[in-house]
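First up is the structure itself, then whatever we jot down about it.
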Amino acid sequence: MAKLLYSATASLDGYIAGPGGDMSWLTEHLVGDNPTADNLLANIGAILAGNGTFGGDDPNRGTDSEGAFGGRYHGPVVVLTHRPPAEPTPGVTFAGDLHSAVAQAKEAAGDKYVNVLGANVAKQCIQAGLLDEILMLFAPVLLGDGVRMFDQPGGTRVRLAPVSGETAHWYSVLY
0 MAKLLYSATA SLDGYIAGPG GDMSWLTEHL VGDNPTADNL LANIGAILAG NGTFGGDDPN
60 RGTDSEGAFG GRYHGPVVVL THRPPAEPTP GVTFAGDLHS AVAQAKEAAG DKYVNVLGAN
120 VAKQCIQAGL LDEILMLFAP VLLGDGVRMF DQPGGTRVRL APVSGETAHW YSVLY
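The sequence shown stops at residue 174 when you use numbering that gives the first Met the number 0, and every number in between is there.
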(Lines of atoms letter the chains of each structure in order from A and count residues from 1; the text may use other names and numbers.)
(Lines give C-alpha, C1' and ligand atoms only; values in the text may rest on other atoms or scores of the structure.)
Protein backbone atom coordinates (compact mmCIF):
# COMPACT_ATOMS: atom_id res chain seq x y z
CA MET A 1 0.00 0.00 0.00
CA ALA A 2 1.17 3.50 -0.82
CA LYS A 3 2.80 5.69 1.82
CA LEU A 4 2.42 9.47 2.04
CA LEU A 5 5.79 11.21 1.87
CA TYR A 6 6.30 14.96 2.17
CA SER A 7 9.46 15.89 0.30
CA ALA A 8 10.91 19.30 -0.38
CA THR A 9 14.14 21.18 -0.82
CA ALA A 10 14.57 23.83 1.84
CA SER A 11 17.01 26.59 2.57
CA LEU A 12 19.18 26.01 5.63
CA ASP A 13 16.89 28.36 7.57
CA GLY A 14 13.86 26.18 6.76
CA TYR A 15 12.08 27.87 3.85
CA ILE A 16 10.81 25.87 0.87
CA ALA A 17 9.80 28.99 -1.07
CA GLY A 18 10.69 32.63 -0.89
CA PRO A 19 8.22 35.45 -0.18
CA GLY A 20 5.03 35.10 -2.22
CA GLY A 21 5.91 31.52 -3.11
CA ASP A 22 8.95 32.51 -5.19
CA MET A 23 10.88 29.43 -6.28
CA SER A 24 13.54 31.14 -8.43
CA TRP A 25 16.12 30.77 -5.63
CA LEU A 26 16.09 27.01 -6.19
CA THR A 27 17.22 27.02 -9.84
CA GLU A 28 20.95 27.23 -9.11
CA HIS A 29 20.67 24.35 -6.60
CA LEU A 30 19.03 21.89 -8.98
CA VAL A 31 22.20 21.33 -10.99
CA GLY A 32 24.16 18.08 -10.72
CA ASP A 33 23.50 14.55 -9.53
CA ASN A 34 21.38 13.89 -6.48
CA PRO A 35 21.11 10.14 -5.78
CA THR A 36 18.49 10.64 -3.06
CA ALA A 37 16.22 12.65 -5.36
CA ASP A 38 16.76 10.14 -8.19
CA ASN A 39 15.89 7.25 -5.86
CA LEU A 40 12.80 9.09 -4.69
CA LEU A 41 11.63 9.86 -8.23
CA ALA A 42 11.89 6.18 -9.18
CA ASN A 43 9.60 5.30 -6.27
CA ILE A 44 6.84 7.90 -6.70
CA GLY A 45 3.52 6.56 -7.94
CA ALA A 46 1.49 9.76 -7.58
CA ILE A 47 1.78 13.36 -6.47
CA LEU A 48 -0.59 15.07 -4.04
CA ALA A 49 -0.28 18.84 -4.22
CA GLY A 50 -2.17 21.85 -3.01
CA ASN A 51 -3.63 24.27 -5.50
CA GLY A 52 -1.04 26.92 -4.57
CA THR A 53 1.82 24.54 -5.33
CA PHE A 54 0.17 23.15 -8.47
CA GLY A 55 -0.42 26.58 -9.97
CA GLY A 56 2.49 28.32 -8.29
CA ASP A 57 5.98 29.30 -9.25
CA ASP A 58 8.26 26.78 -10.97
CA PRO A 59 12.02 27.42 -10.90
CA ASN A 60 12.17 25.89 -14.40
CA ARG A 61 9.15 27.63 -15.95
CA GLY A 62 9.46 28.01 -19.69
CA THR A 63 12.23 25.40 -20.04
CA ASP A 64 12.35 21.69 -20.87
CA SER A 65 12.73 21.10 -17.11
CA GLU A 66 9.39 22.66 -16.14
CA GLY A 67 7.28 20.57 -13.77
CA ALA A 68 7.76 18.32 -10.78
CA PHE A 69 11.30 16.97 -10.32
CA GLY A 70 12.68 19.16 -13.06
CA GLY A 71 10.08 17.89 -15.53
CA ARG A 72 11.12 14.27 -15.01
CA TYR A 73 7.93 13.18 -13.20
CA HIS A 74 5.27 11.84 -15.54
CA GLY A 75 2.41 10.26 -13.64
CA PRO A 76 -0.84 10.87 -11.81
CA VAL A 77 -1.32 14.13 -9.93
CA VAL A 78 -4.09 14.86 -7.43
CA VAL A 79 -4.65 18.50 -6.50
CA LEU A 80 -6.40 19.40 -3.26
CA THR A 81 -8.50 22.49 -3.94
CA HIS A 82 -11.88 24.06 -3.37
CA ARG A 83 -11.50 25.87 -6.72
CA PRO A 84 -10.94 23.36 -9.53
CA PRO A 85 -10.44 24.86 -12.98
CA ALA A 86 -13.36 25.01 -15.40
CA GLU A 87 -11.36 23.11 -18.02
CA PRO A 88 -9.89 19.70 -17.09
CA THR A 89 -6.12 19.33 -17.00
CA PRO A 90 -4.83 16.09 -18.58
CA GLY A 91 -3.38 13.68 -16.00
CA VAL A 92 -4.63 15.76 -13.07
CA THR A 93 -7.47 14.94 -10.69
CA PHE A 94 -8.95 17.68 -8.50
CA ALA A 95 -10.35 16.80 -5.07
CA GLY A 96 -12.24 19.06 -2.69
CA ASP A 97 -11.31 17.46 0.64
CA LEU A 98 -8.16 15.99 2.15
CA HIS A 99 -9.36 12.44 2.79
CA SER A 100 -10.73 12.07 -0.75
CA ALA A 101 -7.53 13.52 -2.23
CA VAL A 102 -5.34 11.15 -0.19
CA ALA A 103 -7.49 8.12 -1.11
CA GLN A 104 -7.36 8.97 -4.82
CA ALA A 105 -3.60 9.59 -4.73
CA LYS A 106 -2.95 6.33 -2.84
CA GLU A 107 -5.04 4.36 -5.32
CA ALA A 108 -3.15 5.93 -8.22
CA ALA A 109 0.23 5.27 -6.57
CA GLY A 110 -0.30 1.55 -6.03
CA ASP A 111 2.56 0.27 -3.89
CA LYS A 112 4.76 3.32 -4.48
CA TYR A 113 4.92 6.65 -2.65
CA VAL A 114 2.42 9.46 -2.83
CA ASN A 115 4.72 12.47 -2.84
CA VAL A 116 3.12 15.39 -1.03
CA LEU A 117 4.14 18.75 -2.48
CA GLY A 118 3.32 21.96 -0.65
CA ALA A 119 3.69 22.99 2.97
CA ASN A 120 -0.03 23.54 3.53
CA VAL A 121 -1.10 20.09 2.32
CA ALA A 122 1.75 18.48 4.29
CA LYS A 123 0.58 20.28 7.43
CA GLN A 124 -2.99 19.11 6.85
CA CYS A 125 -1.76 15.52 6.41
CA ILE A 126 0.23 15.72 9.65
CA GLN A 127 -2.70 17.19 11.56
CA ALA A 128 -4.97 14.40 10.25
CA GLY A 129 -2.43 11.69 11.16
CA LEU A 130 -2.04 10.66 7.51
CA LEU A 131 1.60 11.50 6.73
CA ASP A 132 4.00 8.54 6.91
CA GLU A 133 7.40 10.02 6.07
CA ILE A 134 9.27 13.27 5.48
CA LEU A 135 12.30 13.76 3.25
CA MET A 136 14.04 17.13 3.36
CA LEU A 137 16.83 18.10 1.01
CA PHE A 138 18.75 21.23 1.95
CA ALA A 139 20.24 23.85 -0.33
CA PRO A 140 23.22 25.90 0.90
CA VAL A 141 21.39 29.21 1.11
CA LEU A 142 19.61 31.31 3.75
CA LEU A 143 16.41 32.90 2.43
CA GLY A 144 15.43 34.78 5.57
CA ASP A 145 11.72 34.86 4.68
CA GLY A 146 9.10 32.94 2.76
CA VAL A 147 7.14 29.72 3.12
CA ARG A 148 8.42 27.49 5.91
CA MET A 149 8.69 23.75 5.34
CA PHE A 150 6.45 23.24 8.38
CA ASP A 151 4.76 26.10 10.18
CA GLN A 152 2.16 25.60 12.87
CA PRO A 153 2.24 28.46 15.40
CA GLY A 154 0.98 27.21 18.73
CA GLY A 155 0.91 23.68 17.32
CA THR A 156 2.10 20.49 18.88
CA ARG A 157 5.51 18.91 18.48
CA VAL A 158 5.79 16.25 15.77
CA ARG A 159 8.18 13.40 16.60
CA LEU A 160 10.28 11.85 13.83
CA ALA A 161 12.56 8.81 13.54
CA PRO A 162 15.28 8.35 10.90
CA VAL A 163 14.33 5.93 8.11
CA SER A 164 16.65 2.93 8.27
CA GLY A 165 19.34 2.84 5.61
CA GLU A 166 18.92 6.45 4.53
CA THR A 167 21.73 8.95 4.96
CA ALA A 168 19.58 11.93 3.93
CA HIS A 169 17.12 13.75 6.15
CA TRP A 170 14.45 11.06 5.67
CA TYR A 171 12.21 10.36 8.63
CA SER A 172 9.18 8.35 9.68
CA VAL A 173 6.45 10.38 11.37
CA LEU A 174 5.66 9.07 14.86
CA TYR A 175 2.13 9.72 16.13
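The C-beta atom is built at its ideal place from N, Cα and C for all residues, glycine as well. For clarity, every value in this text was computed on a predicted model and none was experimentally measured.
Looking at 164, 122, 170, 127, the one whose alpha-carbon comes closest to that of residue 152 is 122. Scanning its chain for C-beta atoms nearer than 8 angstroms, with the 5 sequence neighbours on each side dropped, one finds around residue 74 the residues 43, 44, 45, 46, 90, 107, in chain order. DSSP, reduced to helix, strand and coil, places residue 141 outside both helices and strands of the structure shown, so it counts as coil. Taking every protein chain shown into account, the CB of residue 41 has fewer than 16 other CB atoms within 10 angstroms, so this residue is exposed. Taking a C-beta distance under 9 angstroms as the contact criterion, residue 133 and residue 6 qualify as a contact pair.
In this structure, residue 50 sits away from residue 92, with a CB-CB distance that is not shorter than 9 angstroms.
When rounded, the separation of the alpha-carbon atoms in residue 127 and residue 110 is 21 angstroms.
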